[in-house]
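Using the numbering used here, you'd call the opening residue of the first sequence number 83 and step up by one each time.
We put the CB at the ideal spot given by N, CA and C, even for glycine.
Before any comments, here is the structure.
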Amino acid sequence: MESVQQLLERLATGVIRQSIGADGAANVRPCGNPKFGDYQINGLLPIAKARGENPRPLADKVAAALASALADIAEPPTVAGAGFINVRLKPAFVGSLLPRVLGDPRLGVPAASPARTIVIDYSAPNIAKQLHVGHLRSTIIGDSIARTLEFLGHKVISDNHIGDWGTQFGFLLRSKSELGEYLGTSAIHLSTIEQIYRKNVAEAEKDPAARDEAKAELVKLQAGDPEATRIWKALCDRTMEAINEIYTRLGVRPFDHTLGESFYHPRLAGVVAELKTRGLAEDSEGAVCVFFRDVPQLKDKPFLIQKSDGAFLYPTTDLATVQYRVETWKPGEIIYVTDSRQKLHFEQLFTTARRWDYPDLKLAHVTFGSVLGEDNKPIKTRSGEPIRLEELLDEGEKRAQAIVDANYADLPEATRREIARVVGIGAVKYADLSQNRVNDYVFSWPKMLAMQGNTAPYLQYAYVRIRSIFRKGEEPGQGVRGRGQEVVTLADAAEFDLAKFILRFPEAIELATEDYRPNFICSYLYDLAGKFSVFYERCPVLKADEPARSSRLILCQLTAEVLRKGLDLLGIQTIEQM
RNA sequence: GCGCCCGUAGCUCAAUUGGAUAGAGCGUCGGCCUCCGGAGCCGAAGGCUGUGGGUUCAACUCCCGCCGGGCGCACCA
């Protein structure tokens, strides 16, 4: 269904055209300050400027015409400031909308039009390595963006671009008999594989013979040697098994595709040849490069697609990946979620891809900053190693468990454990998603697990309190829907305020989608929970007389559903009690 | 050297993409429990948005210059 903002935009733009004959958009925004009203029309200022007229008289004219056009929707609009038109919604209009939102599986969020095919590339772990904090942001930000785009009705294709090819396998395969033993018999832990890798790297640093052996192993693998290939395959399988366990714990959606770098290997020579033929790439100092001489920021930053020894590089694979994705899925857009340090690489990649064959393809690099420790430096263990995701999730659950045990000793143990799991994992994810992704953020257990402030536990608790009303009142919740009640009465200011805010869920989704910023969903949900709290303190639900009781139950139900859906778009679960 | 990103309350962060009086949490101070879950709610104090110019009816937001911090820049990914 159409959102309130869209409705106002459509109507006001029409009125502007009719009343003053201008083509400009109404540019409807929520009012920054509620004292002015609910929505403000900002579009008259640019129109007046273009015409060289005083905006106030123009705005007066439009406001007068709007009064009748919006008669059922809003109070007569008023003009304020430099030429803003303020719109104040009528309770009856808002009340009439709520049952429709309740009956809408999308909770009032309009479907994307047109729906597009969007490939999203995130997480991208490496074979033979454990997931660590470095993978956390890409994985959960990507997952949330994928969920949100899909909710809007787009065709989303998630593709995990695994690091399954490259020099690390030379070092690993040097120990292939050792690996073969482990991989052949039982499940080997990734930490053992990492140890073997580190041992070989260390040896190669000291001993040139060891280095040559590693190189020779890599060559064998790349030439398709059966033994090397078998071990490599087993390493990939074992790693993905372990990584999928973490994905399951994290609650990220399964990837639609997991196509690693190795998948693109057969295409690489062709990519280089084609770019050279097309004149986009050229030989330089023995290697093959793409230059961007006409782009000021990139003019002294070549993009290397083939080494002087003939080997291909990360950029080559990424170009081949674009080619494959376009051929296979014909997407309108490809989104990459990686840390901001790779920004230059993606600028080069995108520029090259556009020049190559894909001028109309939208390419987006969604960047994010580092996770910092309490010392404001990238978070590490005492020994300087990256923190493994497994440990991190363990600790989150453990800390949540301690809080739950202390507060709810009366609940059965299994219930407490489930609560701790949902709260602990949710807290870690929410702490990350609630922040503007471009900044670094400081990782802090006490803050993310706090019950007050913009945290997952606070929102989960808000949800639980609402569900508790339905349990207590023996109202099944779903019973509220389909009761056939047409109008919600909104007598109290707190009811009206909450109701209007529920109708703004689509705005939050739109903001979050435009710039791939899940934190807009977070701050909306936090504000929603705050408005609900005010309502909850001031307006008894179960003890209220009709029709207030039914109306309030609908408000409760809607708040709960929006909270649950919003958290779901963040990849965070809710529970019924905690 | 070149390029990119970031400087907002004591601390950790928001700010609807150029809109009206820059908002939260923590911390500090003060209120609210015969009432649906107090892990809660309400209120107060706290700001020259790093800095100097510019564009605009309007700038935390855009442009230029400084000062701080981070990151990246030819054979790793």
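Nearest to residue i by CA position, among the options, is which residue?
| i | options | result |
| --- | --- | --- |
| L265 | S226, L317, K582 | L317 |
| T311 | E299, T321, M322 | E299 |
| F166 | L179, V419, A145 | A145 |
| E477 | D154, Q639, D142, V504 | V504 |
| S516 | A193, I548, L645, L652 | L652 |
| A94 | A147, V176, E592, E135 | A147 |
| N242 | W438, K511, S344, R198 | S344 |
| L593 | S633, G185, R111 | R111 |
| A193 | P158, L493, L231, D289 | L231 |
| K613 | N601, R631, R586 | R586 |
| L90 | K143, M322, A132, A153 | A153 |
| R549 | Y418, S257, E643 | E643 |
| A65 | A324, A538, Q430, P173 | This structure does not reach residue 65, given that the chain is present from 83 up to 660, and the question cannot be answered. |
| V353 | Q379, V283, T434, D294 | T434 |
| Q542 | I654, H217, T595 | I654 |
| H271 | R170, I209, L645 | I209 |
| I68 | E467, S220, C604, R407 | Summary: the structure shown does not reach residue 68, with the chain confined to residues 83 through 660, and so no result is reported for it. |
| E295 | R280, E276, A324, L254 | L254 |
| P528 | G455, A363, D492, I551 | G455 |
Any idea what DSSP makes of residue i, helix, strand or coil?
| i | result |
| --- | --- |
| T641 | helix |
| K117 | coil |
| K315 | helix |
| R464 | coil |
| P128 | helix |
| P336 | coil |
| S633 | helix |
| L454 | strand |
| G245 | strand |
| R646 | helix |
| P112 | strand |
| I102 | helix |
| Q424 | helix |
| I654 | coil |
| I123 | strand |
| D627 | coil |
| Y490 | coil |
| M322 | helix |
| D376 | coil |
| S344 | helix |
| A56 | Outside the displayed range of the chain (83 to 660) lies residue 56, so it cannot be described from this structure. |
| A153 | coil |
| E477 | helix |
| M530 | helix |
| K143 | helix |
| S85 | coil |
| Y440 | coil |
| R92 | helix |
Exposed or buried, which one is residue i when buried takes at least 16 other CB atoms within 10 Å?
| i | result |
| --- | --- |
| K661 | Given a span of 83 to 660 for the chain in the structure shown, any question on residue 661 remains unanswerable. |
| T274 | exposed |
| M533 | exposed |
| N536 | buried |
| T399 | buried |
| L426 | exposed |
| G564 | Since pLDDT at G564 reaches only 49, below the 50 mark, its modelled position is unreliable, and no value is offered. |
| G306 | exposed |
| E577 | buried |
| P181 | buried |
| E479 | buried |
| T656 | buried |
Using DSSP bridges, identify the partner residues of residue i.
| i | result |
| --- | --- |
| I417 | I202, A446 |
| H214 | R470 |
| T160 | N168 |
| D365 | V370 |
| S240 | I202 |
| L386 | C371 |
| I222 | According to DSSP, which records beta bridges pairwise, I222 is partnered with nothing at all. |
| F394 | Q388 |
Using a Cβ-based criterion (distance less than 8 Å to any ligand heavy atom), does residue i qualify as near the ligand FAD?
| i | result |
| --- | --- |
| R553 | As for the ligand FAD, it is missing from this structure, which has no ligand bound. |
Length at least 4, wholly inside the stretch 274-304: the alpha helix (DSSP H) runs in chain order:
Runs of the alpha helix (DSSP H) inside the stretch 274-304: 290-304.
Which runs of the beta strand (DSSP E), 3 residues or longer, sit entirely within the stretch 163-212?
The DSSP assignment places complete beta strand (DSSP E) segments of no fewer than 3 residues inside the stretch 163-212 at 166-169, 199-203, in order along the chain.
What are the start and end residues of each continuous alpha helix (DSSP H) run of 4 or more residues lying completely inside the stretch 540-624, in chain order?
Counting only runs of 4+ residues, the alpha helix (DSSP H) found wholly inside the stretch 540-624 occupies 575-584, 587-596, 601-620, in chain order.
Fully enclosed by the stretch 501-526, which alpha helix (DSSP H) runs are 4 residues long or longer?
Secondary structure in the stretch 501-526: no alpha helix (DSSP H) run of 4 residues or longer lies completely within the stretch.
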